[in-house]
Amino acid sequence: MESLKKTLPGLLLCLVLAVPSWLLGHAFPVIGGPVFAILAGMLVALILHDKTPFRAGIAFTSKKVLQYAVILLGFGLNLSQIAQVGLLSLPIICTTITMSLLIAFLLRKRLAMPANVSVLVGVGSSICGGSAIAATAPVIGADDDEIAQSISVIFLFNILAALFFPTLGGVLGMSNEGFGLFAGTAINDTSSVTAAASTWDTLHGTGGSVLAYATIVKLTRTLAIIPITLALAFWRTWQVKRGGQVSNGSFELKKIFPFFILFFVLASILTTVATVAGVDPAVFQPFKELSKFFIILAMAAIGLNTDLVKLIKNGSKPIFMGACCWAGITAASLVMQHLEGLL
26 MESLKKTLPG LLLCLVLAVP SWLLGHAFPV IGGPVFAILA GMLVALILHD KTPFRAGIAF
86 TSKKVLQYAV ILLGFGLNLS QIAQVGLLSL PIICTTITMS LLIAFLLRKR LAMPANVSVL
146 VGVGSSICGG SAIAATAPVI GADDDEIAQS ISVIFLFNIL AALFFPTLGG VLGMSNEGFG
206 LFAGTAINDT SSVTAAASTW DTLHGTGGSV LAYATIVKLT RTLAIIPITL ALAFWRTWQV
266 KRGGQVSNGS FELKKIFPFF ILFFVLASIL TTVATVAGVD PAVFQPFKEL SKFFIILAMA
326 AIGLNTDLVK LIKNGSKPIF MGACCWAGIT AASLVMQHLE GLL
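Residue 157 in our numbering sits at position 132 of the sequence shown, and the numbers go up by one each step.
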């Protein structure tokens with residue numbers, strides 16, 4: 026009860042910011058609710074000088090609620106559907122992910138950037154934007170400033186891609202299937218993939234087929250969250266053990282290894298088995314929507330813990346890294362499509 030009393034004020038403050046952000050995200054899907062929430066949190070943090078009464082609830086929301094959001098995200102992944110439609114895009118997806126992570130790794134030392142920001146920008150650029158950052162941040166122990174910085178970078182290039190990719194695809198003479206692959210493999214966030222593919226459908230009168238195809242490709246790409254977060258988890262666990270910070274007890278291991286990722290995988294498997302068995306996919310829709318809202322709730326908490334002045338001051342290097350990752354992913358997607366004869 027005492028813990029609830031400490032947590033409730035901060036949780037309610039995050040909720041007050043999350044609800045209008047969720048509504049604005051529906052009104053402006055290219056921007057998205059998480060971006061509105063993190064901006065709202067940062068603005069409130071500027072005028073809320075004493076956060077002591079809210080601190081426990083903000084910490085709970087930015088950490089635990091974020092993990093719950095990732096678990097629920099698994100209910101949006103039907104592995105059998107992805108296996109049927111998404112396999113064609115798998116070589117392109119693997120190439121673009123590798124390219125982004127390699128660029129982030131190489132630039133980290135050149136730019137003298139924090140390792141966590143580099144990982145989050147690389148993973149966010151290569152997999153699925155905010156969702157990938159949400160899944161990866163607890164695994165590598167990223168703080169709220171690092172998460173906010175990474176989300177801001179991903180948001181910038183999501184907007185640019187949604188605006189310019191349909192025109193670029195037209196200039197390059199892409200087929201409908203080619204643009205669906207391009208949008209699904211080279212645009213970070215699902216909302217921006219949807220915006221770009223919908224624009225293409227409208228311009229070319231395809232009846233929504235490109236949107237459907239790009240969405241499946243994007244879902245296939247989202248699956249990369251599983252191996253990458255698990256690899257990062259084992260790497261971090263090994264690093265901590267090597268440093269002598271972990272004994273052979275299971276309690277310490279629970280603090281380091283992100284077991285919520287395993288629940289995410291189980292949710293994906295459960296969704297797949299149930300759908301194959303004939304369960305209506307609409308049954309899982311509330312879990313998917315709740316996952317999106319939990320991410321918005323957590324982003325509001327992260328915004329409240331973020332120093333806006335520091336974020337702006339240190340923003341140039343992450344933006345440059347994000348631009349390089351974005352350019353590398355775009356080039357890799359186009360080259361791979363050309364090699365496979367899909368353009």
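Cβ coordinates follow ideal geometry from the N, Cα and C atoms, glycine included.
- Straight across, the Cα-Cα distance linking residue 122 with residue 148 is about 8 Å.
- Inclusion of residue 239 and residue 208 in the CB contact set at 8 Å is warranted, their separation being smaller than that value.
- Within the stretch 213-252, complete alpha helix (DSSP H) segments of at least 4 residues are found at 215-229, 234-247, given in chain order.
- Across the set 298, 297, 255, the C-alpha of 255 shows the shortest separation from the C-alpha of residue 286.
- According to the DSSP assignment, residue 350 belongs to the alpha helix (DSSP H) that extends over 341-364.
- Distance from the CA of residue 314 to the CA of residue 366, rounded to the nearest whole angstrom, comes to 37 Å.
- When DSSP states are grouped into helix, strand and coil, residue 51 belongs to the helix group.
- The beta carbon of residue 225 lies closer than 6 Å to those of 191, 204, 235 in the same chain, with the five residues before and after it left out.
- The distance from the Cβ of residue 79 to that of residue 42 is about 11 Å, inconsistent with a contact at the 8 Å cut-off.
- Here the alpha carbons of residue 31 and residue 178 stand approximately 33 Å from one another.
- Taking 8 Å as the cut-off, the Cβ atoms of residue 115 and residue 328 do not count as close.
- Rounded to whole angstroms, the gap between the alpha carbons of residue 169 and residue 98 is 21 Å.
- Around the C-beta of residue 302, fewer than 16 other C-beta atoms lie within 10 Å, and the residue is accordingly described as exposed.
- A Cβ-Cβ distance of about 22 Å is found for the pair residue 35 and residue 49, leaving them out of contact under the 8 Å criterion.
- The beta-carbon distance between residue 325 and residue 62, rounded to whole angstroms, is 4 Å. This is short enough to meet the 8 Å contact definition.
- The beta carbon of residue 293 sits closer than 7 Å to those of 99, 102, 104, all from its chain and outside the five residues before and after it, given in chain order.
- Residue burial is scored here from C-beta neighbours: residue 352 has fewer than 16 other C-beta atoms within 10 angstroms and is therefore classed as exposed.
- The beta carbons of residue 160 and residue 145 sit about 10 Å from each other, so the pair does not count as a contact at 8 Å.
- Distance from residue 297 to residue 152 at the Cβ level is roughly 19 Å; contact not present, criterion being Cβ atoms closer than 8 Å.
- Around the C-beta of residue 92, 16 or more other C-beta atoms lie within 10 Å, and the residue is accordingly described as buried.
- When DSSP states are grouped into helix, strand and coil, residue 304 belongs to the coil group.
- Restricted to the stretch 167-213, the alpha helix (DSSP H) segments that are unbroken, complete and at least 4 residues in length are 169-196, 201-211, listed in chain order.
- Each of 332, 340, 350 was checked against the Cα of residue 76, and the nearest Cα belongs to 332.
- For residue 69, the CB contacts under 7 Å within the same chain, skipping 5 residues up- and downstream, are 42, 329 in chain order.
- For residue 262, the closest of 354, 307, 163 by C-alpha to C-alpha distance is 163.
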